[in-house]
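**Student:** Questions regarding the structure given below will be posed in turn.
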Amino acid sequence: MVGGRVAALDVLRGVAILGTLGTNIWIFTTPGGAAGFLSGGGSGFAETFLRFLSNGKFLALLSIMFGIGLAMQHASAVRRGERWPGWYLWRSALLLLEGLIHYVLIFEFDVLMFYALVSVLVAYLVGRGDKVIRGWMIGQAVLLVSIIGLLTWALLASKAGGPSGGLPADTSSWFAQVQARLDYAGVYRVEAIFAIPLSTVLFLAGARLLRAGALEDSDRGKRIQRGLTVWGLGLGVPLNAVTSFAGTEWFLVDRYLCAPVVAFGLLGLITMVVNRMRAEAGVVRRGLTSVGRAALTCYVGQNVIASILCYDWGFGLNGHGPAVSAALWLVISVLLMAGAAWWLRRHERGPVEALWQWAYRAPQPRPALR
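With full-length UniProt numbering, letter number 113 in the sequence shown gets 113, and the count goes up by one each step, no holes.
This is the structure:
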């Protein structure tokens with residue numbers, strides 16, 4: 001524990017946020033942005049390898065962390081004797097609104113809207129017994145595997161290799177991008193059929209791991225962390241490598257089935273490493289912790305910065321190959337770590353978190369003065 005917080009919690013969130021940028025940077029640096037990315041096209045070995053390092057893993061880790069956070073809020077409400085889910089549903093509504101704004105104005109593949117919807121379901125499940133939670137996890141996992149299995153079979157049978165063209169791939173105007181997100185919302189939001197069942201499984205898994213002590217610096221915590229690391233990385237990384245290089249027909253299996261296995265391994269490894277570190281954090285750990293504490297600000301901020309740097313209405317740094325994409329990820333990551341650390345030395349919360357907290361508290365009745 002550091003200052004009343006679980007030491008690894010913010011580091012894990014920080015890694016997850018910057019890791020999602022590692023996935024999304026390929027969208028920003030593809031000519032035509034999201035539409036160009038969905039049109040497919042071959043990738044060389046270097047780009048495929050770099051995408052393999054991040055694709056799906058850190059988004060899955062972020063989902064697990066969201067489930068852990070939800071479980072912590074539930075436990076806190078129970079300790080205080082408050083009704084649950086109660087005002088938590090207002091949090092979900094605000095997250096849905098934030099995600100909608102983020103989708104329309106900034107990024108086609110926003111995940112906050114999906115998280116908001118799933119959080120409502122999980123809020124009603126998190127306090128139930130293990131049998132109920134396990135049943136929901138199995139049911140959603142079966143649904144996810146069935147959908148992905150059918151679609152992968154169809155892709156292999158047709159040799160389609162993934163989505164084709166048809167979307168306006170023009171990033172020369174921000175207004176045109178906004179209009180395209182509205183006009184083609186059905187295409188850009190179709191990921192819900194994968195994201196919602198997967199997020200449900202990962203949210204509930206995060207809640208169960210928290211209860212089991214997976215983040216603790218204790219004997220039981222260390223056993224869980226070792227198990228997650230060995231199985232998650234030992235099984236997940238080889239499978240993920242195979243599906244990453246097997247061709248675009250295996251993209252869904254790669255991103256939504258294999259990558260989440262690796263995410264559990266990352267959770268165990270990062271927690272184990274952080275718990276063994278000295279109490280005083282170094283520069284990198286402080287930066288990651290700051291990003292984790294200001295996760296919403298950094299999630300939105302990294303997409304704003306990447307849009308400005310990469311799209312043609314900004315600096316137009318797209319289409320220059322994997323080395324430039326990797327360099328942009330590194331530059332933006334350093335900016336976020338430095339900026340978040342600077343801000344949190346002066347403020348309690350990140351700017352988006354502060355606005356969000358105000359909106360959350362605004363409609364709630366104030367305690368009576370005595």
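Built from N, CA and C at the ideal position, the CB exists for glycine as well.
Can you tell me whether G3 is buried or exposed, with buried defined as 16 or more other CB within 10 angstroms of its CB?
**Tutor:** With a pLDDT of 42 at G3, under the threshold of 50, the modelled position of this residue cannot be trusted; read the value that follows with caution. When all chains shown are included, G3 counts as exposed.
**Student:** Hey, how far is the Cα of I25 from the Cα of K57?
**Tutor:** Distance between the alpha carbons of I25 and K57 is about 14 angstroms.
**Student:** Start and end of the alpha helix (DSSP H) containing C310?
**Tutor:** Per DSSP, C310 belongs to the alpha helix (DSSP H) from 295-310.
**Student:** Closer than 7 angstroms by C-beta to A116: which residues in its own chain qualify, once you throw out the five before and the five after it? Chain order, please.
**Tutor:** S92, L95, L96, G99.
**Student:** Pair every Cβ in the segment 51-66 with every Cβ in the segment 262-273, then say whether three or more of these pairs are closer than 8 angstroms.
**Tutor:** Because the criterion of three Cβ pairs below 8 angstroms is met, the segment 51-66 and the segment 262-273 touch.
**Student:** Are F194 and V118 touching if we call contact CB-CB under 8 angstroms?
**Tutor:** No; because the gap between Cβ atoms is not below 8 angstroms, this pair is not in contact.
**Student:** Are the CB atoms of A8 and L215 within a distance shorter than 8 angstroms?
**Tutor:** The answer is yes: Cβ separation under 8 angstroms.
**Student:** When the Cα atoms are used, what is the spatial distance from S164 to V283?
**Tutor:** Unreliable positioning characterises S164 in this predicted model, as indicated by a pLDDT of 47, which lies under 50. The coordinate reading is nonetheless provided below. Their backbone Cα atoms lie some 44 angstroms apart in a straight line.
**Student:** Can R208 and I133 be called in contact, C-beta distance under 8 angstroms?
**Tutor:** It is a contact, given that the beta carbons lie within the stated cut-off.
**Student:** Go ahead and pull the three-state DSSP assignment for S92.
**Tutor:** Three-state DSSP puts S92 in a helix.
**Student:** In chain order, what residues of the same chain have a beta carbon less than 7 angstroms from the beta carbon of H74, not counting five sequence neighbours either side?
**Tutor:** Closer than 7 angstroms at Cβ, skipping near neighbours: W84, V126, G127.
**Student:** State the DSSP-derived secondary structure class of R80, mapped to helix, strand or coil.
**Tutor:** Three-state DSSP puts R80 in a helix.
**Student:** Between P351 and T297, which are expected to be in contact by the criterion C-beta below 8 angstroms, what is the C-beta distance as a whole number of angstroms?
**Tutor:** Right, their Cβ atoms sit about 6 angstroms apart.
**Student:** Kindly give me the distance between the Cβ atoms of D217 and N275, rounded to whole angstroms, as I take these residues to be in contact under 8 angstroms.
**Tutor:** Indeed they touch by this definition, with Cβ atoms about 4 angstroms apart.
**Student:** Which residue marks the beginning of the alpha helix (DSSP H) containing M137, and which one marks its end?
**Tutor:** 130-158 is the extent of the alpha helix (DSSP H) around M137.
**Student:** Since M137 contacts A192 with CB under 8 angstroms, what's their CB separation in whole angstroms?
**Tutor:** 19 angstroms between Cβ atoms; not a contact.
**Student:** Could you name the residues of the same chain whose beta carbon sits closer than 6 angstroms to that of S290, not counting the 5 residues immediately before and after it, in chain order?
**Tutor:** Result list for S290: A340, A341, L344, in chain order.
**Student:** Please classify Y124 as buried or exposed, where buried requires at least 16 other C-beta atoms within 10 Å of its C-beta.
**Tutor:** It is exposed - the Cβ of Y124 has fewer than 16 other Cβ atoms within 10 Å.
**Student:** Could you spell out the range, first to last residue, of the alpha helix (DSSP H) harbouring G232?
**Tutor:** Residues 219-245.
**Student:** Taking 7 angstroms as the limit between beta carbons, can you name the residues of its chain near G213, skipping five residues before and five after?
**Tutor:** So the list reads R220, G221, I224, once near-sequence residues are dropped.
**Student:** Might you give, ordered along the chain, the residues of its own chain that have their beta carbon closer than 7 angstroms to the beta carbon of V178, omitting 5 neighbours on each side?
**Tutor:** Taken in chain order, the residues that qualify are V104, L105.
**Student:** Apply the 10 Å Cβ neighbour rule to residue 373 and answer buried if 16 or more other Cβ atoms are within range, or exposed otherwise.
**Tutor:** Nothing about residue 373 can be read from this structure; the chain reaches only from 1 to 370.
**Student:** Terminal residues of the continuous alpha helix (DSSP H) containing N318?
**Tutor:** Note, N318: premise wrong, no alpha helix (DSSP H); not H, not E.
**Student:** Which same chain residues end up closer than 6 angstroms to A77 when comparing Cβ atoms and leaving out the 5 residues on each side of it in sequence?
**Tutor:** Taken in chain order, the residues that qualify are W84.
**Student:** Just the C-alpha distance for H347 and A176, rounded to the nearest angstrom, thanks.
**Tutor:** Roughly 36 angstroms between the two C-alpha positions.
**Student:** To which residues of the same chain is L182 closer than 7 angstroms at the C-beta, ignoring the five residues directly before and after it?
**Tutor:** Counting only Cβ-Cβ distances below 7 angstroms, and skipping sequence neighbours, we find V104.
**Student:** Roughly how many angstroms lie between the CA atoms of A70 and R79, to the nearest whole one?
**Tutor:** The residue asked about is misnamed: residue 70 is Leu in this sequence, not Ala. Distance between the alpha carbons of L70 and R79: 14 angstroms.
**Student:** Put D170 into one of helix, strand or coil per three-state DSSP.
**Tutor:** Of the three classes helix, strand and coil, the one that applies to D170 here is coil, per DSSP.
**Student:** So is M113 buried or exposed if we call it buried at 16+ other beta carbons inside 10 Å?
**Tutor:** Classification for M113: buried.
**Student:** Return helix, strand or coil for P260, following the three-state DSSP convention.
**Tutor:** Of the three classes helix, strand and coil, the one that applies to P260 here is helix, per DSSP.
**Student:** Rounded to a whole number of angstroms, what is the C-alpha to C-alpha distance between S199 and L144?
**Tutor:** Answer to the nearest angstrom: the Cα atoms are 10 angstroms apart.
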